[in-house]
Amino acid sequence: MALDARTIDELVRLNAERNKDHVAVIESPTGDQHSQSYTSKQIDDFAFQVACVYSEKYDLQPRTSSHQKPKVVALCGIGDFEYLITALAIAKLGHTTLFLSPRLPLESCVGLLRPSNAALLLVQQGQQSLAEYVNGDSLDVAAEAVAPIDQGMPTRSTEGRQNTNLTAALDIEAERNTAVWILHSSGSTGLPKLVSVPNGAALRRYTANLGSLGLDTLTTVPLYHAFGMSSFFRCFISQKTIQLYAKLPITTSHLLQVTRDRMFGLFSAVPFTIKLLAESEEGMRFLRGFSVITTGGSPMPEDLGTKLVRQGVRLVSVYGSSETGTLLTSLRPAEDHEWSWLRVPEEDGDLLRFEHQGSDTYELICPKAWSMLADSNQDDGSWRTKDLFTKHLTIPGAFKYIGRLDDILVLENGEKFNPISVESEISSSPLIDGCIIFGTGKPAAGIAVIPSEVTDHLTKDELRLLLRRTIDKAQTSLPMYGRITEDMILLLPRNSVAPRTEKGTIIRSKFLKAYEQQIQAIYEKQDAAVETRQYTKDEILKFLSKQLLRSAIMKHVDLGVNKLGINVVFDFPTIASLAQEISRVSSGAEASSLDAKDEQDAANMLQRYANFGGQRREPRSARTLSQNIQVLTGATGSLGAHLLAKLALSSSVQTVYCLVRASSNANAQERVEKSLEERNLRSNFPEELPRKITCLAADLSDQYLGLGKDTFRSIARDVDIVYHCGWTVNFNQRLSTFEKSCVAGVRHLLDLCLADSGLAAARFIMFSSIGTIMSTSEDTIPERLPKSLAEANRTGYSRSKCVAEQICAKAAAEAGLPVAIVRIGQIVGDTINGIWNTSEAVPLMIRSAQIIGALPTLQERVRWLPVDDVAQIVIEIGSSDAIVANETSVFNIVNPHTLRWTKDLLPLLAQNGLAFQAVPPSDWLKRLEGSDTDPKANPPRKLLEYFRRQCQHQDSEEREWETSRADKWSPTFHKSSAPSPQLISVIVGYFKGAWKV
0 MALDARTIDE LVRLNAERNK DHVAVIESPT GDQHSQSYTS KQIDDFAFQV
50 ACVYSEKYDL QPRTSSHQKP KVVALCGIGD FEYLITALAI AKLGHTTLFL
100 SPRLPLESCV GLLRPSNAAL LLVQQGQQSL AEYVNGDSLD VAAEAVAPID
150 QGMPTRSTEG RQNTNLTAAL DIEAERNTAV WILHSSGSTG LPKLVSVPNG
200 AALRRYTANL GSLGLDTLTT VPLYHAFGMS SFFRCFISQK TIQLYAKLPI
250 TTSHLLQVTR DRMFGLFSAV PFTIKLLAES EEGMRFLRGF SVITTGGSPM
300 PEDLGTKLVR QGVRLVSVYG SSETGTLLTS LRPAEDHEWS WLRVPEEDGD
350 LLRFEHQGSD TYELICPKAW SMLADSNQDD GSWRTKDLFT KHLTIPGAFK
400 YIGRLDDILV LENGEKFNPI SVESEISSSP LIDGCIIFGT GKPAAGIAVI
450 PSEVTDHLTK DELRLLLRRT IDKAQTSLPM YGRITEDMIL LLPRNSVAPR
500 TEKGTIIRSK FLKAYEQQIQ AIYEKQDAAV ETRQYTKDEI LKFLSKQLLR
550 SAIMKHVDLG VNKLGINVVF DFPTIASLAQ EISRVSSGAE ASSLDAKDEQ
600 DAANMLQRYA NFGGQRREPR SARTLSQNIQ VLTGATGSLG AHLLAKLALS
650 SSVQTVYCLV RASSNANAQE RVEKSLEERN LRSNFPEELP RKITCLAADL
700 SDQYLGLGKD TFRSIARDVD IVYHCGWTVN FNQRLSTFEK SCVAGVRHLL
750 DLCLADSGLA AARFIMFSSI GTIMSTSEDT IPERLPKSLA EANRTGYSRS
800 KCVAEQICAK AAAEAGLPVA IVRIGQIVGD TINGIWNTSE AVPLMIRSAQ
850 IIGALPTLQE RVRWLPVDDV AQIVIEIGSS DAIVANETSV FNIVNPHTLR
900 WTKDLLPLLA QNGLAFQAVP PSDWLKRLEG SDTDPKANPP RKLLEYFRRQ
950 CQHQDSEERE WETSRADKWS PTFHKSSAPS PQLISVIVGY FKGAWKV
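Counting with numbering that gives the first Met the number 0, you get residues 0 to 996 for the letters of the sequence shown.
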């Protein structure tokens, strides 16, 4: 190893002399070309030849004295072998290379060329636009093309030449302090900043961690990135081989091809690349094939990194900067899985300082004595990183990165922006007492707002509307990826406390810590919404624009005395329908009946999605049904999670495909695992999910379910049963808003069952709602299809399910598909743990016993069914002989055995430790209305209006439900009984524990 080198060029020359035949670099092939290998001797020769070309062609003469200031040569390109040789050639001439990222805007590149005093700009093919831009500017910089490396051969012969040193006259010791590279910062705080790196500091960076990371390396990190250049030199010094991957797209198939030809010990990539690979099993096998995976440049998402490590990937996170080089890594013993905790290096690690910034956060400071330091921002010569860390409680010298002291937000995808000016403008509104924008490590930004006392007279809706306008006006300066949508506004109670400095500035880190749970809840709510949110050109209700559009319409559409409804965008969600409504209001015409509009919308949907002509298949009987391959939607919900747990534990089930609204397959699995954990179902399985569970990122609005044609057809060939349990749960939206997100998905799942013409069709189990037939005039609510939309409740949710039932019926009648519609009644907590979402209406009503000491004496019957029993009932029905071709079998999963709310349930609640008075509903409503209005302290209060409506419309003469089919074909349903004292006890026990959190 050439560790005695004093400059980059001396390192190259010594390696050529001592290890001349060692294959140092392999360049990945492009098109029909084969990969090219280059030895240490060839690298030195090529750099010498190219240096001679630049000396002659561009008058870039070698320096002859160390007192002579080096020229700056800017280099912009893709970071391949040609790029590497160009940088080494410039170093051989004794000059300095300014690495320009091709991802920078042209204006930013010019903004770096000016202060660097660059004499020459060299561009690779594909970067000619920068050359043209520079040549057309007033800059005194010549822009030229790099000298080519023709098929791996030097541009001139070096036979007989022993000395490639073009700068022998320089003082080699003095050259240690001469800048060999100029790097630049990311530019997240404005224009990128220049960072000069001397020869000595560069070499010290490249020799760090040689013992652990000096392995044959495959890298996808470009050489213009400090992380990429470090990878090359680490291999070069260690006499290892590095394969550059600059000309091919980053895909799993291309990377797999590379590793088929040669084995590597280390793979180096940014987190985004690793995330792409982790989305497929092939990609995971690729990652597991390396001894070490190093990643840097931006934080690796915690969940993804943990998943990789659990599945056998040796992940090492690298932290550093252009100014300091590598400072920390998560290199650790093999048995240590704490990949996200960065360790202080053994050598010179005691020089690094972690300065306490309050709470448990520390800023990392790099002192002047740090041998890799190339810049300073303090009078004592040190570099304050402005990065915040938290300290591990038990591992000495282990720290985790948590964010920036200077408030730069780094989103999950690595995009950065500064929220300070926007926060300042928003906070200047008299409506607002304080605000903080959040989003580091998350997919989108949000804002937490504390209202001022000026807002006391406003309703919540009025306040939100005014906040929306204030935020929209302020955030125009933010890039699109940093814009805040209405559903990412966290409105805190007015008396919320914001940690502040003595000058009154909110302390970001402490604020985010104080409201961590509320912020996390916002993202969890968005995760749930993503299950059904669609992004089509026709829909206005889409991420990044739906809320901004409503605000814009309400603000800018002036119809004189006529006014648009506040929910106009939601009630008329397509461009055509919205335009028609604006025209109607403008003209003063009478509004058409919303029922009539829903009837028309339903008819249109049936016309679009219920034509199955030419798709007839022969059904499978229960006796030949393999029951091996199952498809499930809605696994992130309560019923879906219990269904998945039962299917996965069944010996007769071979594979369950979970179709999940997610950004990737890895994210889909994370969401499913989280769903199982929340319901205490994860413990049913080993450390990893059973191999039979395959989680796929899906988009049900796409004709191939977002899976791609090949995966769609592969599943279609094998699937036996499709359980469609996923649906948007929103009782405020109109029928038309469910079309793309839900109704279209039903058709596409039915097509999955019918897709393979060589096999009999799979069974389709549609999870519907009792609301689809609640408005029937019959005394006993039947197990049949609705006769019309009028038999459904008037909510868009129930009517969308009603339309779905009709589409399923057409699939059965026209295509012979075996279909079952299971209408689910009131699902409650499971029989083992009693886990029931405490934010639902009934649990909130029960919680009022604890908060206001009262419960209403309702005149209704309780038809609860435990969620685990409902899952078993559906599985039994799905595999039974009840489901036959050409027929749609309807099942009402409603408990025929009831308790009376006042006479039976309230005493059971009291027996389980709830202390309350049983009062008339009107008295209970008055008490609730007069209670604490803070929804955090008093969650039931936020459903006051809903409870008011429910109490007004309770029906003491509740009708019966026909359940004969469910009773016949499900042994579990047949054995069901009224909610037992044991079930009530388990549920109340769960509530008490949850209420304490």
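Quick reminder that beta carbons are idealized off the backbone N, C-alpha and C, glycines included.
Mind checking which residues open and close the beta strand (DSSP E) that includes residue i?
i, result
"Phe235", "Here Phe235 belongs to no beta strand (DSSP E); instead the alpha helix (DSSP H) covers Ala225 to Ile236."
"Ile407", "Segment: none, Ile407 is in no beta strand (DSSP E) and carries neither H nor E."
"Cys657", "Thr654 to Val659"
"Tyr318", "Leu314 to Ser320"
"Phe990", "Phe990 -> not in any beta strand (DSSP E); alpha helix (DSSP H) instead, spanning Pro980 to Lys995."
"Gln629", "Ile628 to Thr632"
Can you tell me where the alpha helix (DSSP H) holding residue i begins and where it ends?
i, result
"Met283", "Glu280 to Arg287"
"Gln48", "Ser39 to Lys56"
"Gly433", "Counting along the chain, Gly433 falls outside any alpha helix (DSSP H), though it belongs to the beta strand (DSSP E) covering Ile431 to Phe437."
"Ala141", "First-last for Ala141: Ala141 to Ala144, but that is the beta strand (DSSP E), not the alpha helix (DSSP H)."
"Cys108", "Leu105 to Ser115"
"Glu961", "Element bounds for Glu961: n/a, residue is neither H nor E."
"Leu942", "Counting along the chain, Leu942 falls outside any alpha helix (DSSP H), and DSSP gives it neither H nor E."
"Thr837", "No alpha helix (DSSP H) contains Thr837, which DSSP labels as neither H nor E."
"Ser195", "Looking at the DSSP string, Ser195 is not in any alpha helix (DSSP H); the run it does join, the beta strand (DSSP E), is Leu193 to Pro197."
"His747", "Ala743 to Leu753"
Heavy atom of the ligand ADP less than 6 Å from the Cβ of residue i, yes or no?
i, result
"Gly110", "Questions concerning the ligand ADP fall outside what the structure shown contains, since it holds no ligand whatsoever."
Using the DSSP secondary-structure output, state which residues sit across from residue i in a beta bridge.
i, result
"Asp386", "Arg403"
"Thr95", "Val71"
"Pro505", "Reading the sequence as shown, one finds Ile at residue 505 and not Pro. BP columns for Ile505 point to Arg499."
"Phe763", "Val721 and Val818"
"Tyr361", "His355 and Phe388"
"Glu26", "Gln35 and Leu243"
"Ser890", "The question names Ser, yet the displayed sequence has Phe at residue 890. DSSP, once it has assigned bridges, lists Val821 as partnering Phe890."
"Cys694", "Cys657"
"Gly311", "Its beta-bridge partners do not exist; DSSP assigns none."
"Gln916", "Ala853"
"Thr997", "Missing from the structure shown is residue 997; the chain here goes from 0 to 996 and no further."
Just mark residue i as buried or exposed, buried being the case when its beta carbon has 16 or more other beta carbons within 10 Å.
i, result
"Arg619", "Because the pLDDT at Arg619 is just 48, under 50, the model does not fix this residue reliably, and the point stays unresolved."
"Gly159", "For Gly159, the predicted structure reports a pLDDT of 49, less than 50, and the residue's modelled location is therefore unreliable. A value from the coordinates is still provided. The residue is exposed, with fewer than 16 neighbouring Cβ atoms inside 10 Å."
"Phe510", "buried"
"Val453", "exposed"
"Ala647", "buried"
"Asp43", "buried"
"Ser252", "exposed"
"Pro842", "buried"
"Pro429", "exposed"
"Pro980", "exposed"
"Tyr997", "This structure cannot speak to residue 997, because the chain is shown only from 0 to 996."
"Thr475", "exposed"
"Met299", "buried"
"Asp8", "buried"
"Met604", "buried"
"Val987", "buried"
"Val133", "buried"
"Arg17", "exposed"
My guess is that residue i and residue j are in contact by the Cβ rule of under 8 Å, so how many angstroms apart are they, rounded?
i, j, result
"Leu217", "Tyr244", "7 Å"
"Trp863", "Val821", "Not really, about 17 Å apart at Cβ, beyond 8 Å."
"Tyr223", "Tyr318", "With a Cβ gap of about 20 Å, Tyr223 and Tyr318 do not count as contacting."
"Ala73", "Ala117", "5 Å"
"Ser290", "Gly264", "4 Å"
Check your understanding: Counting pairs of beta carbons, one from the segment 775–784 and one from the segment 637–652, are three or more of them closer than 8 Å?
Key -> The answer is no - the segment 637–652 does not touch the segment 775–784, with fewer than three Cβ pairs under 8 Å.
Exercise for review: Specify whether the segment 193–213 and the segment 121–141 touch according to this definition: at least 3 beta carbon pairs, one from each stretch, less than 8 Å apart.
Suggested key: These segments do not touch.
Practice item. Could you tell me whether the segment 461–468 touches the segment 480–491, using the rule of 3 or more Cβ pairs below 8 Å? Key: When Cβ pairs closer than 8 Å are counted between the two stretches, the segment 461–468 is seen to touch the segment 480–491, the count reaching three or more.
Check your understanding: Per the contact definition of three or more C-beta pairs closer than 8 Å, is the segment 432–440 in contact with the segment 342–360?
Key -> The segment 342–360 is not in contact with the segment 432–440.
Practice item. Kindly confirm or deny that the segment 748–757 and the segment 664–680 touch, where touching means at least three C-beta pairs closer than 8 Å. Key: When Cβ pairs closer than 8 Å are counted between the two stretches, the segment 748–757 is seen not to touch the segment 664–680, the count staying below three.
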